[in-house]
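Student: As given, the protein sequences belong to chains A and B, one line each in that order. Just so you know, we're using my numbering here: the first sequence kicks off at 1 and counts up by one. Just so you know, we're using my numbering here: the second sequence kicks off at 115 and counts up by one.
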Amino acid sequence: SQTIHQWPATLVQPVGSPLSLECTVEGTSNPNLYWYRQAAGRGLQLLFYSVGIGQISSEVPQNLSASRPQDRQFILSSKKLLLSDSGFYLCAWSPRGQMNTEAFFGQGTRLTVV
Amino acid sequence: GDSVTQMEGPVTLSEEAFLTINCTYTATGYPSLFWYVQYPGEGLQLLLKATKADDKGSNKGFEATYRKETTSFHLEKGSVQVSDSAVYFCALRTRASYDKVIFGPGTSLSVIP
Chain A
1 SQTIHQWPAT LVQPVGSPLS LECTVEGTSN PNLYWYRQAA GRGLQLLFYS VGIGQISSEV
61 PQNLSASRPQ DRQFILSSKK LLLSDSGFYL CAWSPRGQMN TEAFFGQGTR LTVV
Chain B
115 GDSVTQMEGP VTLSEEAFLT INCTYTATGY PSLFWYVQYP GEGLQLLLKA TKADDKGSNK
175 GFEATYRKET TSFHLEKGSV QVSDSAVYFC ALRTRASYDK VIFGPGTSLS VIP
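(1) Under 8 angstroms by Cβ, that's how I've got VAL25/A and PRO31/A pegged, so tell me the actual separation to the nearest angstrom.
(2) Between VAL215/B and chain A, is any beta-carbon pair separated by less than 8 angstroms?
(3) Name the one or two DSSP bridge partners that SER17/A has.
(4) With a Cβ-Cβ cutoff of 8 angstroms, do SER193/B and SER224/B count as a contact?
(5) Would you kindly check if the distance between the Cβ of THR126/B and the Cβ of ILE226/B is under 8 angstroms?
(6) Strictly under 8 angstroms for the Cβ-Cβ distance: is ALA103/A near chain B by that measure?
(7) Could you give the C-beta distance for LYS191/B and GLY175/B, rounded to a whole number, given that I count them as a contact under 8 angstroms?
(8) In whole angstroms, what separates the C-alpha of GLN38/A from that of SER84/A?
(9) Under 7 angstroms between beta-carbons, which chain B residues line up against ASN100/A? List them in chain order, please.
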C-alpha cells in the first residue's frame with residue numbers, strides 16, 4: 001500500500017532563517033506531488049505541484065520554493081523565513097492522470113516563525 | 115478557472131442534529147468531486163467522493179450527491195456526533211486541470227453534547 005511521510009511534525013524557526021521540509025511517498029511511482037499551506041483558521045492554499053522529477057509549477061509567488069530531486073521526494077524550501085510564512089504545511093500525492101482518484105495527504109508540519 | 119465555493123461557518127450543532135454543508139463548483143467539463151475531513155492538528159482524509167453526475171458518495175453516515183444541473187455537491191448527515199467536530203473541505207478535479215486538486219475554503223463544524 002502507499003504511504004506518505006512528511007517531517008518534521010512541528011518546527012519553530014526565527015525570522016530570516018532557512019527552511020527545508022521534506023515529503024516522501026512509498027508504494028507508488030510517478031505520482032503527482034503537492035505542497036499546500038493552511039494559515040490559522042483559513043482554507044488550503046496550493047503552493048506548488050509537480051508532475052515529474054524537476055518539474056515544478058508555482059501557484060502563488062512568494063518566499064518559498066520547491067524541488068523534486070527524486071520521483072517520490074518533494075522538498076519545500078526558503079532561504080529566509082518571514083513571519084507570514086507561519087502556518088500548517090501539507091504535502092499530498094495523487095496518481096498521475098487519474099482524475100477520479102483523490103489526493104492523499106501527509107500529517108502536516110506546523111511551522112511557527114518567531 | 116475552476117473553483118469551489120462552500121459555506122465557511124463556523125457551524126455549531128447539537129448532538130443528533132441534521133447537518134448540511136453546501137458546496138457549489140465552477141469547472142470546465144465534468145469534474146470529480148470530493149469531500150475531505152480534517153480533525154484538529156491532523157492532515158486531510160477523504161470522506162467520500164463522486165465521479166459522475168447523479169452519483170452518491172457515502173461514508174460514516176455522511177452523504178453527498180453529484181448534481182450537475184445545479185453544480186452542487188452538498189454534504190449531509192442525519193444525526194451528528196461530537197466526534198464529527200472537524201473542518202470539512204469540498205474539492206474537485208477536472209480533466210482540464212487533473213494535475214491539481216482544487217479545494218473550497220473549508221467549513222468548521224462544532225458539535226456540542
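Note that the Cβ used here is the ideal one computed from N, Cα and C, for glycine as well.
Tutor: Reading off the structure:
(1) 5 angstroms
(2) yes
(3) Its beta-bridge partners do not exist; DSSP assigns none.
(4) no
(5) yes
(6) yes
(7) 5 angstroms
(8) 12 angstroms
(9) SER146 and THR165
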